[in-house]
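**Q** Chains as they are written, first to last, in my numbering: chain A, 1 to 415; chain B, 1001 to 1353.
In this text, a Cβ means the ideal position worked out from N, Cα and C, and glycines have one as well.
One structure coming up, written as structure tokens, with questions to follow.
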Ligand code: SF4
Ligand code: SF4
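See below:
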């Protein structure tokens, strides 16, 4: 018990110590949390009317962002899996970083869903026992289950791994027997949350552009691109600013995953576009609207083509080993482009245009309001703040600066 | 003929299914009931500030269908009190059960409908929707070009390939090639604002909740706040809905309306004769839609839209009764269901009289 307490204390005090840049970053996030608290207050007192959503386009940026967080959360297993499934030595220690990313992004996603709900105060209605869960009919019920289980699995994984490392007993023999099954379950669960999230959308037969069997594949390949893109950026940052060793081989593996995921995305998009446009049935209306506009409504056209160019461009760029090896310039740039492209693809290509035409033939554009925008930033800021603090503490433990037996010495040298 | 038989069979099935569902609910809800009994319901009556306590009790109330009779009465008393105070008139919240041996159905003659939207406004008045900013309407009337609505004659031989050794009929790309033929909503005008109706080049098609026999909205709702009653009407417990809008995503008829903000219902326009699942005033953040006027039809009256129609285009009745208006229409007219490819089996039929 005492050890656990000192673990939490050491972890916390290391996490909040850093240089000027570190504090500037925390302050930057703090600003959005401050503004966001006010806009969130507005939304929770006035209702979703402060967002741009309407009966025609009923999902707002919160839901779109939620889908994106599911991408990254699912992809985090790509950091965990190589160490445990393929016994790659260089990745075994880093597994915990993958689990931290997964944990934080799932939590962020759940927060987005709460922002999406009209009555977040009634969330307890879905809890079996005190409420009523429409299982096994409702896809959102499944999603609630898999997301929460994933969150718990990763929390257990993170805390246990860090704690073991902290007390200095991280050798395979000294880990509890239940631990490995949990890690493997979490690895399998990653794609699962994503497939279920895809089904939440694909189950709506009336929305032509989601009602397709390729949606889970599109989601998984986008996860494979956006998740590792974020992780490479994190690894490069960590490598530069801390003592944690991350080999080039690890980054190369992530780059390869991004490149081939982008390739699959292109194939999936091409297949979907062809299947819809060639026969040109009613189901193609929505895609045609996104690609070319409709009677002067063409807000999404530039986003669609912009995202396509970014995806194809990044794919081509990653085929050159010069780009892949340019760890301090081109590679982070490409990763950034991939991350942002897939982040903006969610609202501007996947979610908003899918609602047009509505069942009664209406075409509509979605205009994000300022309050909504700051609420999205609010949730992201909280997410990135937690990610920063937890990662920082974890790195302290991984590098051995935070350790149980010499905890007094470690915290002094860390200061 | 065969249509009738199908409806009969399906109904029996559904009824049985419904009863089974109900039993299942009763069994699985004992935990919910436990929680409910611990809510401070006695305190409600005696407290000096009834609103605060009533709000707390209302917050902790369970799914209405899963409540005991006593809890239902308490919940209704709470609501009547709250509404009466808020709208400054005696408000009743009925809990009339759906009649047995009835399957409600609707038939609408798009040959007769003149697009005057009287049904739309009668509905708003009857059902206590938000009045302005925003005005919520449960019925939407589509104004559609007559004839094969998505077909334009001047586009007949336009498009690509223009010229080939087989002639110059560009049928594959361009021209009519991208238009859907048949009853497509593609060219519908939903916000027409004509001084005079009907416009002679158009026909009108009002759309409201189609009370599907296989409602995708019910399937999608994660908390079963929306469900089908044994008279075949799909309803919502406004106090149980969590506002996730999965049902709105699932509905192929754009029939559901969400209370994006606090509903704006002036006290003098409020209709005080309400039903728990029908027209009682809703709160912010919950879903609503046409209930076939549960407060009226459960007491044997006709829906407000049916009464308001000046040309008699709307017929309402019991699909299980061969002599009802609806069944007469089904037996004698050319009838279709809207978007039947969605596989939802609406109990709302359109016909050309
Ligand atoms: S029309 Fe829509 S809201 Fe009405 S029952 Fe069918 S799916 Fe549900
Ligand atoms: S909005 Fe309400 S009725 Fe619709 S699915 Fe969500 S909880 Fe159910």
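Do residue 367(A) and residue 52(A) come within 7 Å of each other at the CB atom, strictly closer than that value?
**A** Taking 7 Å as the Cβ cut-off, residue 52(A) and residue 367(A) qualify as a contacting pair.
**Q** Do the segment 115–131 of chain A and the segment 96–104 of chain A touch if we need at least three Cβ pairs shorter than 8 Å?
**A** No, they do not touch.
**Q** Could you check the C-alpha separation between residue 343(A) and residue 109(A) for me, to the nearest Å?
**A** So the alpha carbons of these two residues sit roughly 13 Å apart.
**Q** Can you pull every residue whose C-beta falls closer than 7 Å to some heavy atom of ligand 1, listed in chain order?
**A** Residues with a Cβ closer than 7 Å to any heavy atom of ligand 1, in chain order: 1209(B), 1210(B), 1211(B), 1212(B), 1215(B), 1216(B), 1217(B), 1218(B), 1234(B), 1247(B), 1250(B), 1251(B), 1252(B), 1253(B), 1255(B), 1256(B), 1289(B), 1344(B) and 1346(B).
**Q** Should residue 1287(B) be listed as close to ligand 2, given that the test is whether its C-beta is under 6 Å from any heavy atom?
**A** Correct: residue 1287(B) has its Cβ closer than 6 Å to ligand 2.
**Q** Is any heavy atom in ligand 2 found nearer than 6 Å to the beta carbon of residue 1245(B)?
**A** Yes - ligand 2 has a heavy atom lying nearer than 6 Å to the Cβ of residue 1245(B).
**Q** What runs of the beta strand (DSSP E), each 3 residues or longer, lie entirely inside the segment 1057–1097 of chain B?
**A** Whole beta strand (DSSP E) segments, 3+ residues: 1092–1094.
**Q** Going by the C-beta, is residue 1223(B) closer than 6 Å to any heavy atom of ligand 2?
**A** The answer is yes for residue 1223(B).
**Q** If you run the structure through DSSP and keep just helix, strand and coil, what is residue 351(A)?
**A** It is helical.
**Q** Name, in chain order, the residues that DSSP records as bridge partners for residue 1128(B).
**A** According to DSSP, residue 1128(B) bridges with nothing at all.
**Q** Name the one or two DSSP bridge partners that residue 1160(B) has.
**A** According to DSSP, residue 1160(B) bridges with 1173(B).
**Q** Assign residue 1130(B) to buried or exposed, taking buried as 16 or more other Cβ atoms, counted over all protein chains shown, within 10 Å of its Cβ.
**A** Flag for residue 1130(B) reads buried.
**Q** With 7 Å as the threshold, decide whether the Cβ of residue 294(A) is near any Cβ in chain B.
**A** So no, residue 294(A) is outside the interface.
**Q** Applying a beta-carbon distance threshold of less than 9 Å, which residues of chain A neighbour residue 1142(B)?
**A** Simply 360 and 361.
**Q** Within a Cβ cutoff of 7 Å, which residues of the same chain sit near residue 185(A), ignoring the five residues on either side of it in sequence?
**A** The residues are 153.
**Q** So if I threshold CB-CB distances at 9 Å, which residues from the segment 1283–1306 of chain B count as touching chain A?
**A** For the segment 1283–1306 of chain B, which is checked against every Cβ of chain A, the residues closer than 9 Å are 1283, 1284, 1285, 1286 and 1287.
**Q** List, in order along the chain, the chain A residues whose C-beta lies closer than 8 Å to that of residue 1357(B)?
**A** Nothing in the structure corresponds to residue 1357(B), since chain B is present only between 1001 and 1353.
**Q** Around the Cβ of residue 417(A), are there at least 16 other Cβ atoms within 10 angstroms (buried) or fewer (exposed)?
**A** No answer is possible for residue 417(A): the residues shown for chain A start at 1 and end at 415.
**Q** Counting contacts by CB-CB distance shorter than 7 Å, is residue 1190(B) in contact with chain A?
**A** Closer than 7 Å: yes.
**Q** Against chain A, does residue 1138(B) count as a neighbour if the rule is that its beta carbon must be under 7 Å from one of theirs?
**A** Judged by the 7 Å Cβ criterion, residue 1138(B) is not in contact with chain A.
**Q** Determine the contact status of residue 349(A) and residue 292(A), defining contact as a CB-CB distance below 7 Å.
**A** In this structure, residue 292(A) does not lie closer than 7 Å to residue 349(A) by Cβ.
**Q** Is the segment 48–66 of chain A in contact with the segment 1260–1271 of chain B, if contact means three or more CB pairs nearer than 8 Å?
**A** Touching, yes, given that three or more Cβ pairs across the two stretches are closer than 8 Å.
**Q** Going by DSSP, which residues form a beta bridge with residue 1107(B)?
**A** Paired residue(s): 1315(B) and 1349(B).
**Q** Given residue 200(A), which residues of its chain have a CB within under 7 Å of its CB, disregarding the five upstream and five downstream residues?
**A** Closer than 7 Å at Cβ, skipping near neighbours: 139, 140 and 143.
**Q** Consider the Cβ of residue 1072(B): report whether some Cβ of chain A lies at a distance smaller than 7 Å.
**A** Not one chain A Cβ lies under 7 Å of residue 1072(B).
**Q** Hey, would you say the C-beta of residue 1226(B) is under 6 Å away from at least one heavy atom of ligand 2?
**A** Yes.
**Q** Threshold first: 4 residues or longer. Then list the alpha helix (DSSP H) segments lying entirely within the segment 153–217 of chain A, N to C.
**A** Here the runs fully enclosed are 179–202.
**Q** Let me check one thing: in DSSP terms, what residues is residue 54(A) bridge-paired to?
**A** DSSP output for residue 54(A) lists no bridge partner at all.
**Q** Please tell me whether residue 1311(B) and residue 1107(B) are closer than 7 Å, where the distance is taken between their beta carbons.
**A** Against a cut-off of 7 Å, the Cβ pair of residue 1107(B) and residue 1311(B) comes out as no contact.
**Q** Return the CA-CA distance between residue 36(A) and residue 378(A), expressed in angstroms with no decimal places.
**A** Their Cα atoms are separated by approximately 5 Å.
**Q** Between residue 335(A) and ligand 2, is the CB less than 6 Å from at least one heavy atom?
**A** The answer is no for residue 335(A).
**Q** Let me see if you follow: with CB-CB separation under 7 Å, is residue 1185(B) close to chain A or not?
**A** It does; some Cβ of chain A falls within 7 Å.
**Q** Between the Cα of residue 1331(B) and those of 1115(B), 1321(B), 1201(B) and 1210(B), spot the shortest distance and give me the residue it belongs to.
**A** The shortest Cα separation from residue 1331(B) among 1115(B), 1321(B), 1201(B) and 1210(B) belongs to 1321(B).
**Q** Say whether chain B places a C-beta atom closer than 7 Å to the C-beta of residue 230(A).
**A** Closer than 7 Å: no.
**Q** Does the beta carbon of residue 13(A) sit closer than 7 Å to a beta carbon anywhere in chain B?
**A** Answer no: the Cβ-Cβ gap between residue 13(A) and chain B never drops below 7 Å.
**Q** Are the segment 1269–1282 of chain B and the segment 1117–1134 of chain B in contact at 8 Å, needing three or more beta carbon pairs?
**A** They touch, by the three-pair rule.
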